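Engineer: Take any residue in the sequence shown, count from 1 to its spot, add 84: that is its number in my numbering.
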Amino acid sequence: MKIPFNVNGLMVDAEYTKKEVNEIFIPLLKQLALLRTDKDSRVVAYLAAPPGAGKTTLSQLLELLYKEQKLPYSFQSISIDGFHYKRKYLMNNWIEVSGEKKSLNSVKGSPESFDLEALKERIRLLTEGNVTKWPMYDRKLHDVSEETIVVDAEIVLIEGNYLLLDEPGWKELKNIADLTVFIEAKEKSLKPRLIERKMLGGLSLTEAESFYEQSDQRNVIRVLEHSSKADIQLVLTEKRELKKR
Numbered sequence: 085m086k087i088p089f090n091v092n093g094l095m096v097d098a099e100y101t102k103k104e105v106n107e108i109f110i111p112l113l114k115q116l117a118l119l120r121t122d123k124d125s126r127v128v129a130y131l132a133a134p135p136g137a138g139k140t141t142l143s144q145l146l147e148l149l150y151k152e153q154k155l156p157y158s159f160q161s162i163s164i165d166g167f168h169y170k171r172k173y174l175m176n177n178w179i180e181v182s183g184e185k186k187s188l189n190s191v192k193g194s195p196e197s198f199d200l201e202a203l204k205e206r207i208r209l210l211t212e213g214n215v216t217k218w219p220m221y222d223r224k225l226h227d228v229s230e231e232t233i234v235v236d237a238e239i240v241l242i243e244g245n246y247l248l249l250d251e252p253g254w255k256e257l258k259n260i261a262d263l264t265v266f267i268e269a270k271e272k273s274l275k276p277r278l279i280e281r282k283m284l285g286g287l288s289l290t291e292a293e294s295f296y297e298q299s300d301q302r303n304v305i306r307v308l309e310h311s312s313k314a315d316i317q318l319v320l321t322e323k324r325e326l327k328k329r
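1. Beta-carbon separation of Leu-263 and Pro-195 under 8 Å?
2. For the alpha helix (DSSP H) holding Phe-159, just list the boundary residues, first then last.
3. For Leu-118, count neighbouring Cβ atoms within 10 angstroms of its own Cβ and tell me buried if that reaches 16, exposed if not.
4. So for Ala-115, helix, strand or coil by DSSP?
5. Straight-line CA distance for Val-307 to Leu-116?
6. Can you tell me which of the three DSSP states Lys-217 falls into?
7. Just grab the DSSP bridge partners of His-168 for me.
8. Looking only at C-alpha atoms, which of Phe-167, Leu-142, Phe-295 and Ala-314 sits nearest to Lys-204?
9. Quick one: is Lys-192 buried, meaning 16 or more other Cβ sit within 10 Å of its Cβ, or exposed?
10. Using the Cα positions of Thr-216 and Phe-109, report the straight-line distance between them to the nearest angstrom.
11. For the region 285-305 and the region 260-276, state whether three or more C-beta atom pairs, one from each stretch, are separated by less than 8 Å.
12. Suppose the cutoff is 6 Å on Cβ atoms and the five residues either side in sequence are ignored; what does the same chain contact list for Ala-237 look like?
13. When the Cβ atoms of the region 147-158 are set against those of the region 284-297, are three or more pairs found closer than 8 Å?
14. Please classify Thr-121 as buried or exposed, where buried requires at least 16 other C-beta atoms within 10 Å of its C-beta.
15. So, Glu-243 versus Leu-131, is the Cβ gap smaller than 8 Å?
16. Looking at Val-228: is its Cβ nearer than 8 Å to the Cβ of Lys-139?
17. Looking only at its chain, what residues have a beta carbon closer than 8 Å to the beta carbon of Val-235, apart from the 5 residues adjacent to it on each side?
18. Identify every residue that forms a DSSP beta bridge with Leu-131.
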């Protein structure tokens, strides 16, 4: 099952097996629908994973499958990427990394490059059942888009690297969610995908490899080593197939 997806302005092909769809994805969607029935109000679920694990394309597939299954209630998948600080802010603010002062832009994609308080507030509005405007990120512009999307579904799946991060500020997010999913992966298996993604965004191979060493690799390790356990733990195999732990 191979499907093209628009991921923050870039077209990405994603491939899934029938086993993944029938044994993991559809049961998850049915669980969310049942949770919505039992709760009798909006359900907010998280899909967290390290960079390069395919969480964004999976979240879009889940939205597509939900509609195909003709399950009750409306379903939307959204990303936290639109909560990056804008490029101008990242260029003009600094952080200390291993004793060295660096611009936030040089570690873009790290937890520190996100407006966490704005994200918390927007998720809070969702949990209260509000119709909410949600910011978007554009990988072609390498910046937060001026466009927003309206989130009004009865089941909302939020995807992001740090939704289960067990660090001050971020760890408060877990208690807001009705259901959490996490994808585990090996760091070495994510490196080629992350370098390829940066090259699709316009970087040279050398630039992409440098960015991986300075930023992406740190973020991958941080997510894998410092995320809280999810309600549902999935594992990304060397063949890039998902299985339940």
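Ideal placement from N, C-alpha and C gives every residue a C-beta, glycine not left out. No experiment lies behind these values; they were computed from the predicted model shown.
Structural biologist: In this structure, then:
1. no
2. Looking at the DSSP string, Phe-159 is not in any alpha helix (DSSP H); the run it does join, the beta strand (DSSP E), is 159-163.
3. exposed
4. Note that residue 115 is Gln in the sequence shown, not Ala. In this structure, DSSP gives Gln-115 a helical state, which the three-state scheme calls helix.
5. 25 Å
6. Strand at Lys-217.
7. His-168 is bridged to Phe-198.
8. Phe-167
9. buried
10. In a straight line, the C-alpha of Thr-216 is about 26 Å away from that of Phe-109.
11. yes
12. Ser-158, Phe-159 and Gln-160
13. no
14. exposed
15. yes
16. no
17. Gln-160, Ile-162, Leu-210, Val-215, Thr-216, Lys-217 and Trp-218
18. Glu-243 and Val-265
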